[in-house]
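Colleague:
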Amino acid sequence: DGGITQSPKYLFRKEGQNVTLSCEQNLNHDAMYWYRQDPGQGLRLIYYSQIVNDFQKGDIAEGYSVSREKKESFPLTVTSAQKNPTAFYLCASRNPDYQPQHFGDGTRLSIL
Amino acid sequence: ILNVEQSPQSLHVQEGDSTNFTCSFPSSNFYALHWYRWETAKSPEALFVMTLNGDEKKKGRISATLNTKEGYSYLYIKGSQPEDSATYLCAFKRGGTASKLTFGTGTRLQVTL
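Order-wise, the sequence lines are chains Y and D.
Going by our numbering, the first residue of the first sequence is number 104, and it counts up by one from there.
Going by our numbering, the first residue of the second sequence is number 58, and it counts up by one from there.
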């Protein structure tokens with residue numbers, strides 16, 4: 104079955120540590136996205152990529168980095184510069200124009 | 058940052074009740090409006106993608122309408138069932154913004170027996 108796989112499901116970060124969240128899709132979608140959800144808030148866009156080797160900052164990109172070396176993969180690195188990383192992170196993909204987004208099951212990141 | 062608002066924030070209805078929620082978005086430079094359902098412990102699932110003023114979409118007991126001139130969309134659930142309990146998200150895409158969506162904060166629906 105086609106879908107989006109995020110791993111790990113739970114992740115803990117120590118102070119000063121970078122951590123990487125994985126997102127893989129086998130839907131052959133061109134565009135991929137990373138969102139962050141905090142309690143009481145909607146999904147906020149961190150980064151998105153419309154095509155391989157290209158990505159753009161979303162609304163809250165500071166303290167995060169991404170790469171898009173393969174169509175299937177869009178990993179998100181939460182760097183030590185992100186001072187409040189505790190949140191639920193969702194990855195999504197879609198083909199452009201009027202297609203809906205497909206989502207992974209998410210990664211919950213906490214601080215040790 | 059675009060302002061996409063959903064109301065009410067939460068809603069508690071009994072089985073069999075019909076209900077509706079609102080999504081408000083900027084009325085200028087409209088491209089598309091998405092609705093998603095997000096059940097607890099699952100990933101968000103697409104319900105509708107609406108593109109034209111006056112659009113009406115239906116999926117089973119759930120339907121949605123769109124008014125792009127005044128910047129709102131309604132989601133209706135007829136005869137709510139416990140399995141309809143979820144958070145309903147809308148997302149707005151403005152023209153010329155590549156493939157970015159701006160999400161509202163969602164309406165959390167709880168349906169009890």
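Think of the CB as a built atom: it goes at the ideal place given N, C-alpha and C, for glycine as much as any other residue.
From a predicted model like this one, the values you see are computed outputs, not experimental measurements.
(1) Quick one: does His69 (chain D) have its CB under 8 Å from some CB of chain Y?
(2) Give every residue of the same chain whose Cβ lies closer than 6 Å to the Cβ of Tyr136 (chain Y), excluding the five residues on either side of it in the sequence, and list them in chain order.
(3) Spatial neighbours of His91 (chain D) within its chain, please: C-beta separation below 6 Å, excluding the five flanking residues on both sides.
(4) If you draw a straight line from the alpha carbon of Asp74 (chain D) to that of Phe115 (chain Y), how long is it in whole angstroms?
(5) So with Cβ pairs under 8 Å, would you call Tyr151 (chain Y) a contact of chain D?
(6) Are Cys126 (chain Y) and Leu179 (chain Y) close, meaning C-beta to C-beta below 8 Å?
(7) Quick check: what's the CA-CA separation for Leu124 (chain Y) versus Thr210 (chain Y)?
(8) Along chain D, in chain order, which residues have C-beta atoms closer than 7 Å to that of Tyr201 (chain Y)?
(9) Check whether chain D comes within 8 Å of Phe206 (chain Y), counting only Cβ atoms and requiring the distance to be less than that.
(10) Run through the DSSP bridge pairs and tell me what Glu127 (chain Y) is partnered with.
(11) Can you check DSSP and say which residues form a bridge with Thr144 (chain D)?
(12) Quickly, what does DSSP pair Glu62 (chain D) with across the bridge? List them, please.
(13) Would you list, in chain order, the members of the stretch 138-149 of chain Y that have their beta-carbon closer than 8 Å to a beta-carbon of chain D?
Modeller: Once the coordinates are examined:
(1) The sequence position of residue 69 (chain D) within the second sequence is 12, counting from 1. No, because no Cβ of chain Y sits closer than 8 Å to the Cβ of His69 (chain D).
(2) In the first sequence, residue 136 (chain Y) corresponds to position 33, counting from 1. Cβ neighbours of Tyr136 (chain Y) beyond the five flanking positions: Tyr151 and Ala195.
(3) Numbered from 1 along the second sequence, position 34 holds the residue referred to as residue 91 (chain D). These residues qualify, in order along the chain: Val106 and Ala148.
(4) Along the second sequence, read from residue 1 onward, the residue named residue 74 (chain D) stands at position 17. Along the first sequence, read from residue 1 onward, the residue named residue 115 (chain Y) stands at position 12. Spanning the two alpha carbons is a distance of roughly 42 Å.
(5) Within the first sequence, the letter at position 48 stands for residue 151 (chain Y). Taking Cβ atoms only, chain D reaches closer than 8 Å to Tyr151 (chain Y), which makes this a yes.
(6) Counting from one through the first sequence, the residue named residue 126 (chain Y) turns up at place 23. Counting from one through the first sequence, the residue named residue 179 (chain Y) turns up at place 76. Yes, they are a contact pair.
(7) For the purposes of this step, residue 124 (chain Y) is taken as residue 21 along the first sequence, with counting starting at 1. For the purposes of this step, residue 210 (chain Y) is taken as residue 107 along the first sequence, with counting starting at 1. If I take the Cα positions, the gap works out to 7 Å.
(8) Mapped onto the first sequence, residue 201 (chain Y) falls at position 98. Neighbours of Tyr201 (chain Y) on chain D, chain order: Ala89, Val106 and Thr108.
(9) Counting from one through the first sequence, the residue named residue 206 (chain Y) turns up at place 103. Contact of Phe206 (chain Y) with chain D is assigned, a C-beta pair being separated by under 8 Å.
(10) In the first sequence, counting from the first residue as 1, residue 127 (chain Y) sits at position 24. Partner(s): Y:Thr108 and Y:Ser176.
(11) By 1-based counting over the second sequence, the position of residue 144 (chain D) is 87. Note: Thr144 (chain D) sits in a beta bridge opposite D:Trp95 and D:Arg165.
(12) Position 5 of the second sequence, counted from the first residue, corresponds to residue 62 (chain D). Glu62 (chain D) pairs with D:Ser81.
(13) From the stretch 138-149 of chain Y, only Tyr138, Gly143, Gln144, Gly145, Leu146, Arg147 and Leu148 have a Cβ closer than 8 Å to chain D.
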